[in-house]
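Worksheet for the structure shown next.
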Amino acid sequence: MSVGTSGAPEASAAGHVPAPRCGDTAGSGIDPDELPDGLVIADEHGHIVCFNAAAARITATAAADALGQRLEKALPLEDLEGRRWWQLTDPYGGLAIRVRQPERNLLLPGGREVLVSARYVRACPTGPLHRLVVTLRDTEARRRTERSHAELIATVAHELRSPLTSVKGFTATLLAKWERFTDDQKRLMLETVDADADRVTRLIAELLDISRIDSGRLEVRRQPVDMGAAVGRHIQAYVAAGQPADRFLLRIEQPLPALWADPDKVDQVLSNLLENAVRHGEGTVTIDVTPSASPREGEDTGTSVTVSDEGPGIPEESMNRVFTRFWRGSKRGGTGLGLYIVKGIVEAHGGLITVGRAPGGGAEFRFTLPVSVPAYLA
Numbered sequence: 027m028s029v030g031t032s033g034a035p036e037a038s039a040a041g042h043v044p045a046p047r048c049g050d051t052a053g054s055g056i057d058p059d060e061l062p063d064g065l066v067i068a069d070e071h072g073h074i075v076c077f078n079a080a081a082a083r084i085t086a087t088a089a090a091d092a093l094g095q096r097l098e099k100a101l102p103l104e105d106l107e108g109r110r111w112w113q114l115t116d117p118y119g120g121l122a123i124r125v126r127q128p129e130r131n132l133l134l135p136g137g138r139e140v141l142v143s144a145r146y147v148r149a150c151p152t153g154p155l156h157r158l159v160v161t162l163r164d165t166e167a168r169r170r171t172e173r174s175h176a177e178l179i180a181t182v183a184h185e186l187r188s189p190l191t192s193v194k195g196f197t198a199t200l201l202a203k204w205e206r207f208t209d210d211q212k213r214l215m216l217e218t219v220d221a222d223a224d225r226v227t228r229l230i231a232e233l234l235d236i237s238r239i240d241s242g243r244l245e246v247r248r249q250p251v252d253m254g255a256a257v258g259r260h261i262q263a264y265v266a267a268g269q270p271a272d273r274f275l276l277r278i279e280q281p282l283p284a285l286w287a288d289p290d291k292v293d294q295v296l297s298n299l300l301e302n303a304v305r306h307g308e309g310t311v312t313i314d315v316t317p318s319a320s321p322r323e324g325e326d327t328g329t330s331v332t333v334s335d336e337g338p339g340i341p342e343e344s345m346n347r348v349f350t351r352f353w354r355g356s357k358r359g360g361t362g363l364g365l366y367i368v369k370g371i372v373e374a375h376g377g378l379i380t381v382g383r384a385p386g387g388g389a390e391f392r393f394t395l396p397v398s399v400p401a402y403l404a
């Protein structure tokens, strides 16, 4: 097995020649340099016999410099209170019943945080330490996750505060001074309360969708879907709400394959993409529904929907962030969660969604769903 470092380690200052390196100690046939986490192994004398590529990257220490060194010298970790970790835990001279160190945050020289866990390998349960196996993980991924969660909580708190304040204010006023208001005033207040309640309901639904997407539990209930008719219903709703009919151009290329998808979730995707085009775009909103190659292996056909407008479009530097949480275009408004949810829904169907520049210069969103005929109909 390859060790991922070349050359034998030199003898230590005490004259100790390190034991054979990772390939001989792990015995699993896996190159330690292929592991995603840092791996450091010290022998029974506390000298490092394995220091893989991830450990070198995380600690900024070359493997050649670490091999053969004593553990506390090559990996001088401190806890968050500044105490030297290896002196504090004393893996070689401490309790012989210990088998591991749970993962915890420690500090490398310079104050960089790293997640460290350790396994104590003994020849017999209470015998001397035969090998110390240490794993290292960069905290940056965890920091990004925690930061994303904090941003989500802050966004939700901000978005909830406004409608709930409005609901509380109007209901308290109506209860206290009901007789003083005319019927028209009461109706206006109740309509405002109703609209704000709808806004809260939508936000809660978005949060539930995000939770299901992040945990991989978004359920897709497949039924036959007429994509052209679904798009037509959304256009009619916009026209009924006051948008001019000539603002929309629907083009359907026939014949379309029989599509099996979740109709409610398809409506959610269409609603979000059309709302973005109407709110943030300009000119004609063009919707093309066409047969296409399936994005999923094992299926030949799929259905594509392309929504484009004639507005300023999305800056090139923002293209790779469009489907991330909290991304908003140049015009403020909304939670910035819609396109993240759209991407999750499309991918839950086994589909693919992309963003680019439309022929008219505006934004162009295109999603493709596989036909996904149920097995009992195949």
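Start counting the sequence shown at 27; every next residue gets the next number (this note's numbering).
Using N, Cα and C, we set each Cβ at its ideal position, and we do this for glycine too.
The structure presented is a predicted model; accordingly, all values stated were derived computationally and were not measured.
- Counting only the Cα atoms, D272 lies some 26 angstroms from P289.
- DSSP places L234 inside the alpha helix (DSSP H), whose first and last residues are D209 to S241.
- Looking from the CA of A303, the closest CA among F393, I74, G388 and A68 belongs to G388.
- Apart from the 5 residues on each side of it in sequence, K203 has no Cβ closer than 6 angstroms to any other Cβ in its chain.
- Of all alpha-carbon atoms in D326, E129 and T171, the one lying nearest the alpha-carbon of P317 is that of D326.
- Going by DSSP, A374 is part of the alpha helix (DSSP H) stretching over G364 to A374.
- Between the alpha carbons of Q280 and H260 lies a gap of roughly 20 angstroms.
- Assigned with DSSP and collapsed to three states, P128 falls in strand.
- In this structure, the CA atom of P117 is about 21 angstroms from the CA atom of E139.
- Only residues of its own chain outside the window of five on either side were considered, and among them E98 have a CB closer than 8 angstroms to the CB of Q113, listed in chain order.
- Q262 sits in a helix when the DSSP states are folded into three classes.
- Using a Cβ distance threshold of 8 angstroms, V295 and V315 do not count as a contacting pair.
- Assignment of D290 by DSSP, reduced to helix, strand and coil, places it in the helix class.
- Around the C-beta of R392, 16 or more other C-beta atoms lie within 10 Å, and the residue is accordingly described as buried.
- In the three-state DSSP reduction, E104 falls in the strand class (E or B).
- The C-beta distance from L101 to T161 rounds to 12 angstroms, too long to fall under 8 angstroms, and the pair is not in contact.
- Per DSSP, reduced to three states, the secondary structure at A81 is helical.
- The three-state secondary structure of L158, taken from DSSP, is strand.
- Around the Cβ of S320, a 10 Å sphere holds 16 or more other Cβ atoms; the residue is buried.
- Note: C76 is bridge-paired with I67 in the DSSP secondary-structure output.
- For the 8 angstroms CB-CB criterion, A263 and V292 do not form a contact.
- In this chain, the beta strand (DSSP E) harbouring T329 covers T327 to S334.
- In the displayed model, Q269 falls within coil according to three-state DSSP, outside both helix and strand.
- When DSSP reads this structure, T380 sits in a beta bridge with R392.
- Here H175 is exposed. Its C-beta has fewer than 16 other C-beta atoms within 10 Å.
- If the five residues before and after L300 are omitted, its C-beta is found closer than 6 angstroms to the C-beta atoms of H260, all from its own chain and listed in chain order.
- Per DSSP, the beta bridge partners of T312 are L275 and S334.
- Spatial neighbours of I123 in its own chain (CB-CB distance under 7 angstroms, excluding positions within 5 residues in sequence) are listed in chain order as T152.
- DSSP lists V140 as the beta-bridge partner residues of D164.
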